[in-house]
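Student: If you scroll down you'll find the structure; I have some questions about it.
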Amino acid sequence: MTILTLKTAKEKDLVPVFRSAIAAEIENYGDFVDILRNVLKRVLKTMVRGRNHFQEMGEDQITYHIISHFDAYGFSSSHDKQIGGHVDITVEFEDYLWYGEAKIHSSYLTLQRGWAQLTTRYMTGMVDEDRGAFLIYNFNKDAVSVTTSWREVMQEQYPDIVLGDVEDDLNFVCSGVHEGTGRKYTVDQYNIPLYFDPKDRLL
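The opening residue of the sequence shown carries number 133 in my numbering; numbering runs sequentially from there.
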């Protein structure tokens, strides 16, 4: 496909080509997860840039916004799919499965409940479905302090969970052992700073 073809093609005509190219790059579960992580990071960065648009949205609405970006890659994404309960986000490709749990940060107890749902209710711990993400929709000031405090809660409440280094002052990867399978699972944690209180309207 030439550059001229790309310039003149309609978006709907490019989707099958794009999906085919993505599928050709996925040789294993790790490839699938890497693509999801890259897509998710771009989506979250765009959300923060447009955080003013999310102020009146509820948890489900924000989650739907995120899910809508995965289908273009040829993945099957769902909200509230039944796997041990109603999972906020599932993304599937062939036999691969990835989970996402999302919570608006109202308290650290709320985050603990979300963490427990993801790791003890939804995730199976089976091969090719042992990765996921924990999304914190953070409308509070000073997102860095939320990450710091949440890590302290995790260290105290879940001493067996291994916490990776903080990336970009906000996000980190953690891993644990699934209670059912005894296998390792890995979760990317994203603290998404959506606080918005412009002061120019006060002048």
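The beta-carbon is built from N, C-alpha and C at its ideal position, and this holds for glycine as well.
All values derive from a computational prediction rather than experimental measurement.
Report the residue ranges of all beta strand (DSSP E) runs contained in full by the stretch 219 to 282; include only those spanning at least 3 residues, in chain order.
Tutor: 221 to 225, 228 to 236, 263 to 270
Student: Looking at the unbroken alpha helix (DSSP H) that takes in residue 304, where does it start and where does it end?
Tutor: For residue 304, no alpha helix (DSSP H) segment is defined; the enclosing uninterrupted segment is the beta strand (DSSP E) at 304 to 309.
Student: Would DSSP call residue 205 helix, strand or coil?
Tutor: helix
Student: Starting from residue 289, follow its DSSP beta bridges and name the residues at the other end.
Tutor: Paired residue(s): none; residue 289 is not in a bridge.
Student: Can you check which of these residues, 316, 275, 261, 180, is closest to residue 230 by C-alpha distance?
Tutor: 261
Student: Give me, in chain order, the residues of the same chain whose beta-carbon lies closer than 8 angstroms to that of residue 246; leave out the 5 immediate sequence neighbours on both sides.
Tutor: 233, 234, 235, 266
Student: Starting from the C-beta of residue 205, find all residues in its chain whose C-beta is less than 6 angstroms away, skip the five residues before and the five after it, and write them out in chain order.
Tutor: If we look at residue 205 and ignore the five residues flanking it on each side, its Cβ neighbours are 154.
Student: Rounded to the nearest angstrom, what separates residue 311 and residue 317 at their Cα positions?
Tutor: Rounded to whole angstroms, residue 311 to residue 317 spans 10 angstroms at the Cα level.
Student: Any idea what DSSP makes of residue 163, helix, strand or coil?
Tutor: helix
Student: Could you name the residues of the same chain whose beta carbon sits closer than 8 angstroms to that of residue 244, not counting the 5 residues immediately before and after it, in chain order?
Tutor: 285, 289
Student: I need the boundaries of the beta strand (DSSP E) containing residue 158, first residue and last residue.
Tutor: From DSSP, residue 158 is part of no beta strand (DSSP E); its letter is neither H nor E.
Student: Comparing alpha-carbon positions, which option in 159, 330, 299, 324 lies nearest residue 275?
Tutor: 324
Student: Report the residue from 251, 308, 161 whose alpha carbon sits nearest the alpha carbon of residue 293.
Tutor: 308
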